[in-house]
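**Q** I have a structure I would like to understand better, so I am pasting it below and will then ask my questions one at a time.
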Amino acid sequence: MTKQKLLVLLALYLVSTGAAFGITTFMNRGAGTPTEQAGEQTEVVEEELGGGQKLLTINPNEPKDQPCPLNGELYTATERAAWEKRRPLAVMIENTPDARPQSGLNKADVVFEAMAEGGVTRFMGLFYCDVQVEDTTLAPIRSARTYFIDWASGYNLPLYVHVGGANTPGPANALGQLSDYGWTGQNDLNQFSIGYPTFVRDYNRIPGRELATEHTMVTSTEKLWAVATKRGWTNMTPTRTVGRTTVGGKDWKDGFTPWATAEGKPSSSPKAPNISFEFWDGFTTYAAKWEYDPATNSYKRFTANEPHLDLNTNEQVMVKNAVVLFVPEKGPIDELKHMLYTTTGSGDALVFMNGEAVQAKWSKKDREAQLTFTDAKGKPLELVRGLTWISVVAPKTTVTY
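Have a look at this one:
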């Protein structure tokens, strides 16, 4: 056999082998068990997400004397210099049993909890001051709801983070409202318009448990702020033209009034050591319970009688203020069982702090106004510095304490 024929045969062999490999790869694309696919996705998550990365080095001797505008907690001037270049993140986080434990809740400055639909609650975490030292993983991210947008509006165009949202015509049309409010062009971080690698699906985000797709969306605080920075969404609101007038171009804190806060006063004989309630009667899977811990002057969170953990640290969620907001509830209003909650006006609230129960009033004069709390005398209520958790329930809800 001539040398030329050998070269031809070798070339034909290589071509056929490559073609066979290509065909096999194409035919098997998407094949394999969910666990196998999840393993491939997890490798991407670990490489691309980077949650847990140290961002700032804080001198242990640097005083913590800078109050967070969201909850009054004290931080260093180094941390303040970092957060002042940004706007808060308002992040939609799921709370079905398959979503627990979530990632990042303990690092929020404020958390709102309300019914999404069908007896299932959802969280919106405000992340700002407590996530400047370390990039924080947030998961699982879920869709927008109109009343959460209203509460977020009190923070002067925060970066609203979600995966799509309710879009049926009518009052529950969250995506339509984001467009109507002008958010889509100045502060809306919708996964549908951003995608990978800012948002990734990690099917193994909870080790040892296979998850359905809707429970897998993961992001991180630094990834989100990086996108915002590229879009020019810093602490300054974007300028835009309305008619012949240029609006925007202000620091988000302009016109924002922080809640009144004070140092905590731990109680050795608390009058409200245990708090429990159900968002809907009989839906025990979402029943909330708080237990007072005098050693830290905090309330520990339980959901469905189980300690509610943060997956990032495996530590129980602990808050300084556990607030129950009583607001009118309407729904389900459509075939998708969407709910509506009254977000403006005023109503009753129970504020649990320092081991005590405080009868209070909430008020929010319009969508863009900050939610505020007053005491029995009508004076601004001083909350304890630190994480504040606001649970929204119907007026007739029974709260035991």
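Positions 425 to 825 (the working numbering) are the ones given, in order, by the sequence shown. For each residue, glycine too, the CB sits at the ideal point set by N, CA and C. Computed from a predicted model, the values in this text were never measured in an experiment.
1) Going by beta carbon distance, what residues of the same chain come within less than 7 Å of Phe-707, once the five residues before and after it are set aside?
2) Going by DSSP, what residues sit across from Pro-491 in a beta bridge?
3) According to DSSP, Leu-764 sits in a beta bridge with which residue or residues?
4) Can you name the start and end residues of the alpha helix (DSSP H) that Leu-602 belongs to?
5) State the DSSP-derived secondary structure class of Ile-517, mapped to helix, strand or coil.
6) For Gly-672 and Asn-611, what's the separation of their Cα atoms in angstroms?
7) Just to confirm before moving on: does the CB-CB distance between Lys-788 and Thr-768 stay below 8 Å?
8) Are the beta-carbon atoms belonging to Asp-365 and Ser-644 less than 8 Å from one another?
9) Report yes or no: do the segment 534-541 and the segment 805-824 share at least 3 C-beta pairs separated by less than 8 Å?
10) Taking all protein chains shown into account, decide if Ser-527 is buried (16 or more other Cβ within 10 angstroms of its Cβ) or exposed.
11) Identify the continuous beta strand (DSSP E) that holds Phe-616 and give its terminal residues.
12) Three or more C-beta pairs under 8 Å: does that hold for the segment 731-748 against the segment 652-666?
13) Which value, in whole angstroms, describes the spacing of the CA atoms of Glu-486 and Ala-596?
14) Should Arg-633 go down as buried or exposed, given a rule of 16 or more other Cβ atoms within 10 Å for buried?
15) How big is the Cα-Cα spacing for Tyr-620 and Tyr-499?
16) Thinking just about the alpha-carbon of each residue, which of Arg-510, Glu-541, Gly-589 is nearest to the one in Ile-757?
17) Using three-state DSSP, classify Leu-648 as helix, strand or coil.
18) Consult DSSP for Met-451 and reduce its assignment to one of helix, strand or coil.
19) Over what stretch of residues does the beta strand (DSSP E) that includes Trp-714 continue unbroken?
20) Taking just the CA atoms, how far does Gly-656 sit from Lys-744?
21) In this structure, how does DSSP classify Leu-529 when only helix, strand and coil are distinguished?
**A** Straight from the coordinates:
1) Gly-543.
2) Pro-491 is bridged to Leu-498.
3) Paired residues: Lys-754.
4) 598-604
5) strand
6) Between Gly-672 and Asn-611, the C-alpha separation is close to 12 Å.
7) A contact, by the Cβ cut-off of 8 Å.
8) Residue 365 cannot be examined here, being either before or after the span of the chain that is shown, 425 to 825.
9) yes
10) buried
11) No beta strand (DSSP E) contains Phe-616, which is instead part of the alpha helix (DSSP H) from 615-618.
12) No: the two stretches stay apart, fewer than three of their Cβ pairs being nearer than 8 Å.
13) 47 Å
14) exposed
15) 33 Å
16) Glu-541
17) Reduced to three states, the DSSP call for Leu-648 is helix.
18) Unreliable positioning characterises Met-451 in this predicted model, as indicated by a pLDDT of 35, which lies under 50. A coordinate reading is not provided.
19) 712-717
20) 34 Å
21) The answer is helix: DSSP assigns Leu-529 an H, G or I state.
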